[in-house]
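Participant:
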């Protein structure tokens, strides 16, 4: 019936019945909206059982979703995964040890918004996520190889990089230099933390300079870009890996689509900032699905170890 009304409207509209047809459209839209709201209310009842895919809108059974590594069963889309779950999937059981976990910012930053000041803003996110900051740093074993690991969490203020994130990453790299171990960092961030102003901007140079010392020691750094990776994180340690890996369909950008369009006064393609397009342009080395990432990382670490041993033998 709805289809017939729409067809009748488009076939027989004329100057005399414009008002009548407008009313029909308004009634149709009102009914459509009410039906949509009712569907949403029904879906909310089963939120504890199902997770809806952001891409195909298919439903995934929550109980098994974690074991599937937050990958949609219907379309293979990689949904966001929190830092603790990622560590659990990557690192051998009972081998992970967190370092510098309780670092908090002592800087008196007088940032005020219409909603709340920065200190209260931080506290609210700490309560929501159970984290002190937007990154987990620690040491663990990936199969037989000991590694230094940093995993950013987008749920904490969009994974933004402030003074604490910069300090934790810097200390992690310094620890990796002292222990002579490989470094892995999972990037997931909206960029530098605007509430901390120039202090967050400094972290880009700070981390980059310590990474330079790390690379002078001929140690191995792998950067893994997950969705989204943008701004100052991408422009600093995100793109400084010896090997740069991306997950499928990852949003990677320095500036957002809207900012670019407003600056250039022209539309840009939807795929311009997707990992598949950027891979073709040579921005990073490889796209690796989440379910085989652990094995790929293990092979890369073994390969680097083999080259390292050969260099030592040749030197002798």
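In UniProt numbering, the protein residues as written are 1 to 316.
Glycine included, C-beta positions come from ideal geometry on N, C-alpha and C.
Would you list the residues sitting across from residue 151 in a DSSP beta bridge?
Facilitator: To locate residue 151, count along the chain shown from 1; it is residue 151. Answer by DSSP bridge pairing, in chain order: 136 and 186.
Participant: Taking one C-beta from the stretch 215-223 and one from the stretch 259-270 each time, how about it: are there three or more such pairs within less than 8 Å?
Facilitator: Verdict: no, contact absent.
Participant: Label residue 75 either buried or exposed according to how many other C-beta atoms from any shown protein chain fall within 10 Å of its C-beta, with 16 as the threshold for buried.
Facilitator: Translated into the one-based positions of the chain shown, residue 75 becomes position 75. It counts as exposed.
Participant: List, from N- to C-terminal side, the beta strand (DSSP E) runs of 3 residues or more that fit wholly inside the stretch 173-230.
Facilitator: Segments of the beta strand (DSSP E) lying fully in the stretch 173-230: 182-189 and 221-230.
Participant: Whole angstroms is fine: what's the gap from residue 52's alpha carbon to residue 62's?
Facilitator: Here the question's residue 52 lines up with position 52 in the chain shown. Here the question's residue 62 lines up with position 62 in the chain shown. Computed Cα separation, rounded: 9 Å.
Participant: With a threshold of 16 other CB atoms inside 10 Å of the CB of residue 94, please say whether the residue is buried or exposed.
Facilitator: Translated into positions along the chain shown, residue 94 becomes position 94. By the neighbour-count rule (16 or more Cβ atoms within 10 Å), residue 94 is not buried but exposed.
Participant: Would you call the stretch 97-107 and the stretch 242-249 in contact, with 3 or more CB pairs under 8 Å?
Facilitator: Because the criterion of three Cβ pairs below 8 Å is not met, the stretch 97-107 and the stretch 242-249 do not touch.
Participant: When you compare each of 122, 207, 216 and 138 to residue 194 by their alpha carbons, which one comes out closest?
Facilitator: As a first step, residue 194 is located in the chain shown; it is residue number 194 there, counting from the start. Nearest option by C-alpha distance: 122.
Participant: When DSSP builds the beta bridges, which residues end up paired with residue 52?
Facilitator: One-based indexing of the chain shown puts residue 52 at position 52. The partner list for residue 52 (beta bridge, DSSP) reads 59.
Participant: With which residues is residue 251 paired in a DSSP beta bridge?
Facilitator: In the chain shown, residue 251 corresponds to position 251, counting from 1. In DSSP, residue 251 forms a bridge with 274.
Participant: So which of 117, 253 and 169 has the shortest CA-CA distance to residue 196?
Facilitator: Here residue 196 refers to the residue found at position 196 of the chain shown. Comparing Cα positions, the closest option is 117.
Participant: I want to know whether the stretch 254-263 touches the stretch 199-216 - three or more CB-CB distances under 8 Å.
Facilitator: Touching, no.
Participant: Rounded to whole angstroms, what's the CA-CA distance from residue 288 to residue 86? Just pull it up for me.
Facilitator: Indexing the chain shown from 1 puts residue 288 at position 288. Indexing the chain shown from 1 puts residue 86 at position 86. So the alpha carbons of these two residues sit roughly 15 Å apart.
Participant: Kindly indicate which three-state DSSP category residue 131 falls into: helix, strand or coil?
Facilitator: Working through the chain shown from its first residue, we reach residue 131 at position 131. Residue state, collapsed to three classes: coil.
Participant: Are residue 152 and residue 200 close, meaning C-beta to C-beta below 8 Å?
Facilitator: For the purposes of this step, residue 152 is taken as the residue at position 152 of the chain shown. For the purposes of this step, residue 200 is taken as the residue at position 200 of the chain shown. Not a contact, by the Cβ cut-off of 8 Å.
Participant: Is residue 135 near residue 165, with beta carbons less than 8 Å apart?
Facilitator: Numbered from 1 along the chain shown, position 135 holds the residue referred to as residue 135. Numbered from 1 along the chain shown, position 165 holds the residue referred to as residue 165. In contact: residue 135 and residue 165 (Cβ atoms closer than 8 Å).
Participant: Skipping 5 residues on each side, what residues in its chain have a beta carbon closer than 6 Å to that of residue 156?
Facilitator: What you label residue 156 is simply residue 156 of the chain shown in a count that begins at 1. Result list for residue 156: 125, 129, 131 and 134, in chain order.
Participant: Which word fits residue 82, buried or exposed, when buried means at least 16 other C-beta atoms lie within 10 angstroms of its C-beta?
Facilitator: Stepping through the chain shown from its first residue, residue 82 is reached at position 82. Looking at its Cβ environment, which holds 16 or more other Cβ atoms inside 10 Å, residue 82 is buried.
Participant: What residues are listed by DSSP as bridge partners for residue 141?
Facilitator: The sequence position of residue 141 within the chain shown is 141, counting from 1. Note: residue 141 sits in a beta bridge opposite 146.
Participant: Would residue 159 be called buried (16 or more neighbouring beta carbons within 10 Å of its own) or exposed?
Facilitator: Along the chain shown, one-based indexing puts residue 159 at 159. Classification of residue 159: buried, given that the 10 Å Cβ count is 16 or more.
Participant: Alpha helix (DSSP H) containing residue 260: first to last residue?
Facilitator: Position 260 of the chain shown holds residue 260. Looking at the DSSP string, the run of the alpha helix (DSSP H) that includes residue 260 is 257-264.
Participant: Per DSSP, which one or two residues make a beta bridge with residue 98?
Facilitator: On the chain shown, residue 98 is found 98 positions in, with the first residue counted as 1. DSSP output for residue 98 lists 138 as bridge partner(s).
Participant: Given a cut-off of 8 Å on the beta-carbon distance, is the pair residue 169 and residue 139 in contact?
Facilitator: Your numbering for residue 169 matches position 169 in the chain shown. Your numbering for residue 139 matches position 139 in the chain shown. Against a cut-off of 8 Å, the Cβ pair of residue 139 and residue 169 comes out as no contact.
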